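The C-terminal position of the sequence shown is numbered 727 in my numbering, with every residue numbered one higher than the one before it.
The structure under discussion appears below in the form of structure tokens.
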Amino acid sequence: MINVDKIVRILKNKYNINDVDYAIVVGSGLMEAIPSLEDVKIVEYKNLKMPKSKVKGHSGKFVFGKINNKNVVLVSRLHYYESGNMKNVILPFKILSLLKTKNIILLTSCGGINKTFNVGDIMLIKDHINFTGQNPLVAVEPLEFISMTNAYDEELFNKMKKIAEKNDISVRQGIHTQLLGPSYETMAEVDMLRNFGADTVSMSTVFDCIISNYFKFKVCAIASVVNVFDGAKENLTHEEVLTNAKKACNKIKTILYNLIKE
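In structure tokens form, the structure reads like this:
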């Protein structure tokens, strides 16, 4: 059994970690979107007795550092489909809550459902639709009926939008949705999601947002469009995801740096 309190004690006492200003959950292939950190401290999940991600492109570690004197941590995502254990998905966020994290930025590589989207586009997530049929807060103690009206913090969203405009970065904004994975969507499912108003889809992020709101973090999210569902019959691959994710990294990096340095 994973001892969260012990993990937090190790991070505080051995690595002097506390009061995180920004946590960034890094999506597949998006490490190059992270601004340079100073005073870097790397803590492997395995050294904390935490499960390591089975997904290529996810590092399985915390990376602590500073951007403009703000305390920042990079977080390797643990997907529900890897274990079928929602406690694993919640674990990094519970640790972040005990480290007094204020803001969380969710990065996701996703499929473009909106027909006007192109590979390499980035979308500021305005809201989401949970199409997984599950909620990560089921059986979590203490039980709370949390509001999701402002699930993605409006102030952070508007800051990212202004930063993009100031730096001549073209951004989309829209609705994200999550399916469980690990299989990709059928074309019929894509049509359904499109009809329900979704612009992008992935196998993560919605759970992350729900959990983050439970822990009272301020949440914002950026989706990197790595493939587009245009009716073609080509098979989707994870290698394609990792390759195409790089196309948006410079744009995301500029937004992140300017958001955190304020």
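Backbone N, C-alpha and C define an ideal beta-carbon position, used for all residues, glycine too.
Computed from a predicted structure; not experimentally measured.
So, GLY659 versus MET588, is the Cβ gap smaller than 7 angstroms? The sequence as given places Arg at residue 659; Gly does not occur at that position. No, the pair does not count as a contact, with Cβ atoms beyond the cut-off.
Measuring only the C-alpha atoms, how far is LYS552 from ASP586? When only Cα atoms are considered, LYS552 and ASP586 end up about 32 angstroms apart.
When you compare only the Cα positions, how much space is there between SER541 and MET515? Between SER541 and MET515, the alpha-carbon positions lie close to 11 angstroms from each other.
The segment 678 to 690 touching the segment 554 to 565, judged by at least three CB pairs closer than 8 angstroms: Short answer: they touch.
Under a Cβ-count criterion, where at least 16 other Cβ atoms within 10 Å of its own Cβ denotes burial, should PRO557 be classed as buried or exposed? With 16 or more other Cβ atoms within 10 Å, it is buried.
If we call anything under 7 angstroms between Cβ atoms a contact, is PHE622 one with CYS685? Contact: yes.
Less than 6 angstroms between C-beta atoms, sequence neighbours within five positions excluded: which residues of the same chain meet that for ASN595? Only VAL671 meet the Cβ criterion.
Within the chosen definition, does the segment 527 to 537 reach the segment 631 to 648 through at least 3 CB pairs nearer than 8 angstroms? The answer is no - the segment 631 to 648 does not touch the segment 527 to 537, with fewer than three Cβ pairs under 8 angstroms.
So, with DSSP's three-state summary, where would you put LEU543? It is coil, neither helix nor strand.
Residues bridged to GLN643 (per DSSP): Bridge partners of GLN643 according to DSSP: ASN595, SER667.
Between which two residues does the beta strand (DSSP E) holding ILE531 run? The residue asked about is misnamed: residue 531 is Lys in this sequence, not Ile. Start and end: 526 to 532.
Proximity of ASN692 and GLY576 at Cβ, strictly below 7 angstroms: Yes. Within cutoff.
Terminal residues of the continuous alpha helix (DSSP H) containing ILE725? 714 to 726 is the extent of the alpha helix (DSSP H) around ILE725.
What does a CB cutoff of less than 7 angstroms around TYR546 pick up in its chain, not counting 5 residues either side in sequence? The beta carbon of TYR546 sits closer than 7 angstroms to those of LEU645, GLY646, PRO647, MET668, all from its chain and outside the five residues before and after it, given in chain order.
Considering just the uninterrupted stretch of the alpha helix (DSSP H) at SER493, what are its terminal residues? Going by DSSP, SER493 is part of no alpha helix (DSSP H) at all; its letter is neither H nor E.
Buried or exposed: where does PRO607 fall if 16 or more other Cβ atoms within 10 Å of its Cβ makes it buried? Around the beta carbon of PRO607, fewer than 16 other beta carbons lie within 10 angstroms, which makes this residue exposed.
What are the complete beta strand (DSSP E) segments, minimum 3 residues, inside the segment 569 to 639? Given a length threshold of 3 residues, each whole run of the beta strand (DSSP E) inside the segment 569 to 639 is given here in chain order: 587 to 595.
Starting from the C-beta of LYS506, find all residues in its chain whose C-beta is less than 6 angstroms away, skip the five residues before and the five after it, and write them out in chain order. The beta carbon of LYS506 lies closer than 6 angstroms to those of TYR480, PHE529 in the same chain, with the five residues before and after it left out.
Proximity winner among SER677, ALA688, GLY549, relative to ALA663 (alpha-carbon distances): From the listed residues SER677, ALA688, GLY549, the smallest Cα separation to ALA663 is found for ALA688.
Straight-line gap, GLY639 to SER501 (C-alpha atoms, nearest Å): Straight-line Cα distance between these residues: approximately 28 angstroms.
Rounded to whole angstroms, what is the Cα-Cα separation between LYS626 and PHE610? As the crow flies, the alpha-carbon of LYS626 is around 30 angstroms from that of PHE610.
Does DSSP put ASP504 in a helix, in a strand, or in coil? The answer is strand: DSSP assigns ASP504 an E or B state.
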